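K.L.:
Last residue of the sequence shown: 392 in the working numbering, with the numbers rising by one and none dropped.
Cβ coordinates follow ideal geometry from the N, Cα and C atoms, glycine included.
Keep in mind that this is a model prediction, so the values were computed, not measured.
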Amino acid sequence: MKLRLLFITLLAISLFMHMTEEWIIQFCETTSVYWYFANERTIRTKAKVLVLGDSQIVSGISPETIAEIEGLSKEEILYLPKPSQQPEGILSDSLDVVYKLPKLKKVYVNLSPLNTSKNSVTDANRQLFYSFGNLSKYTITHPLLRKAYFSNLTDLSWKLIVKIFPYFGLSSNINRLVYDPAAQNDISRRKQEYLYIQDSIKNKQGAWVWKSIGEDPTLLESEVFPNLNTQILAGKRDLSIQLWFECVRLWEKQNLEIVFLRIPFSPKMEKDILKTDANLVADGFFKTISADPNRKNIKVLDFKSVFLDEYQYFADLTHLNQKGRDAFSVILKRVLFDHAHSSTEGM
Numbered sequence: 046m047k048l049r050l051l052f053i054t055l056l057a058i059s060l061f062m063h064m065t066e067e068w069i070i071q072f073c074e075t076t077s078v079y080w081y082f083a084n085e086r087t088i089r090t091k092a093k094v095l096v097l098g099d100s101q102i103v104s105g106i107s108p109e110t111i112a113e114i115e116g117l118s119k120e121e122i123l124y125l126p127k128p129s130q131q132p133e134g135i136l137s138d139s140l141d142v143v144y145k146l147p148k149l150k151k152v153y154v155n156l157s158p159l160n161t162s163k164n165s166v167t168d169a170n171r172q173l174f175y176s177f178g179n180l181s182k183y184t185i186t187h188p189l190l191r192k193a194y195f196s197n198l199t200d201l202s203w204k205l206i207v208k209i210f211p212y213f214g215l216s217s218n219i220n221r222l223v224y225d226p227a228a229q230n231d232i233s234r235r236k237q238e239y240l241y242i243q244d245s246i247k248n249k250q251g252a253w254v255w256k257s258i259g260e261d262p263t264l265l266e267s268e269v270f271p272n273l274n275t276q277i278l279a280g281k282r283d284l285s286i287q288l289w290f291e292c293v294r295l296w297e298k299q300n301l302e303i304v305f306l307r308i309p310f311s312p313k314m315e316k317d318i319l320k321t322d323a324n325l326v327a328d329g330f331f332k333t334i335s336a337d338p339n340r341k342n343i344k345v346l347d348f349k350s351v352f353l354d355e356y357q358y359f360a361d362l363t364h365l366n367q368k369g370r371d372a373f374s375v376i377l378k379r380v381l382f383d384h385a386h387s388s389t390e391g392m
């Protein structure tokens, strides 16, 4: 009798949490809101081009731009980037969808020092996965994904607990609202971002100028970032590189063309990256896959130097704003148009 009462109580708590989770999401920070709504994306089974990556893609490249470059309709573009995404998430998303897309011909993805090194974004991605990520069979059965997400039984147990009781996945957000005055003062903006992100997922496949709630956020050259230090990005995370090669192997196995993009960061960040040699790991990966004569379907486009003096094109240190997106789309079209159309004839 006591066990039955306990089960009914836990079931009721779980149902309550699932029914009220979205109401709490509006008070969460930007990345959590985006990941929550990203689960509502529709998998377009007629897609011919798959777009993956992190918030640099979200903010910098729209599905419409890719569709125009490829000469396809928007419905033929499957746009799945997520902020703070790492190669484990890109591999997991790829495994979840590529076998469901019989017409798929090409993958666009961005790679940078943020997803080749061990840094705060790596840790954030792990927590976002536990809170909102898809627990697919591949995250458990694939050895590299299992190593990234479930290195021990405790990690898997925590993910299962969060699936049943989703408030646990929101605990860090909720706690900050209690003790952090900055988070408390940011509630109004968070509610607005919640609406903009919800709309972008529903109507634009998730393309959204980062932190924009109607205005076009613009970085000023005079802005000072005292904590800017890209030294940590210079290190190599061996698991990230293994995961990137596994992504390439999967895409090649499916006979897909692969377009790797190095989307520019803001001038201040790019210049600091040059000082710390933080590009070396990503550049080394690009060189390896480009130099392999057996990999003829891989194209690497490095744009890290295109906006080294254009502060007005950035919303912050790492994301293009609307002006930057428009300027970058012109460059992408100029560089990719002929290549895309020569390779997608007969798609």
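1) How many angstroms separate the CA atom of Pro147 from the CA atom of Arg89?
2) Out of Ser374, Glu120, Leu222, Ile246, which has the shortest C-alpha to C-alpha gap to Ile69?
3) Please report how far the alpha carbon of Ile343 lies from the alpha carbon of Asn300, in whole angstroms.
4) First and last residue of the alpha helix (DSSP H) that includes Leu48?
5) Can you give the Cα-Cα distance for Thr110 and Leu215, rounded to whole angstroms?
6) Among Pro309, Lys236, Glu268, which one has its Cα closest to the Cα of Val78?
7) Measure the C-alpha to C-alpha separation of Tyr356 and Pro312 and round it to an integer number of angstroms.
8) Is the beta carbon of Tyr153 sitting closer than 8 Å to the one on Val254?
9) Decide if Gly329 is buried, meaning its Cβ has at least 16 other Cβ atoms within 10 Å, or exposed.
10) Closest to Lys151 by CA distance: which of Ser157, Glu121, Gly134 is it?
11) Measure the C-alpha to C-alpha separation of Phe82 and Gln243 and round it to an integer number of angstroms.
12) What residues in its chain sit with their C-beta under 7 Å from that of Ser387, if we drop five residues either side in the sequence?
13) Starting from Ile343, trace the beta strand (DSSP E) both ways and give me its first and last residue.
14) Following the continuous beta strand (DSSP E) through Tyr153, name the residue where it begins and the one where it ends.
15) Quick check: the Cα distance between Gln131 and Ile58, rounded to an integer number of angstroms?
16) In angstroms, rounded to a whole number, what distance separates the CA positions of Gly391 and Leu180?
17) Sorted by chain position, which residues of the same chain lie with C-beta nearer than 7 Å to Tyr239's C-beta, five sequence neighbours on each side aside?
18) What are the residues that DSSP puts in a beta bridge with Ile111?
P.N.:
Straight from the coordinates:
1) For Pro147 and Arg89, the distance between alpha carbons rounds to 11 Å.
2) For Ile69, the closest of Ser374, Glu120, Leu222, Ile246 by C-alpha to C-alpha distance is Leu222.
3) Approximately 11 Å between the Cα atoms of the pair.
4) Unbroken alpha helix (DSSP H) run through Leu48: 47 to 70.
5) Each residue's alpha carbon lies about 34 Å from the other.
6) Proximity to Val78 across Pro309, Lys236, Glu268 peaks at Lys236, based on C-alpha coordinates.
7) Computed Cα separation, rounded: 6 Å.
8) Between Tyr153 and Val254, the gap from beta carbon to beta carbon reaches 8 Å or more.
9) By the neighbour-count criterion, in which 16 or more other beta carbons inside 10 Å mark a residue as buried, Gly329 falls on the exposed side.
10) Ranking the options by Cα distance to Lys151, first place goes to Glu121.
11) Distance between the alpha carbons of Phe82 and Gln243 is about 6 Å.
12) Because Ser387 carries a pLDDT of 49, less than 50, the predicted location of this residue cannot be relied on, and the following value inherits that uncertainty. So the list is empty, once near-sequence residues are dropped.
13) Looking at the DSSP string, the run of the beta strand (DSSP E) that includes Ile343 is 343 to 347.
14) That run of the beta strand (DSSP E) goes 151 to 155.
15) One C-alpha to the other measures close to 33 Å.
16) A caution first: Gly391 carries a pLDDT of 42, below 50, which makes its placement in the model unreliable, though a value can still be read off. Rounded to whole angstroms, the separation of the alpha carbons of Leu180 and Gly391 is 36 Å.
17) If we look at Tyr239 and ignore the five residues flanking it on each side, its Cβ neighbours are Ile70, Gln71, Val78.
18) When DSSP reads this structure, Ile111 sits in no beta bridge, so it has no partner.
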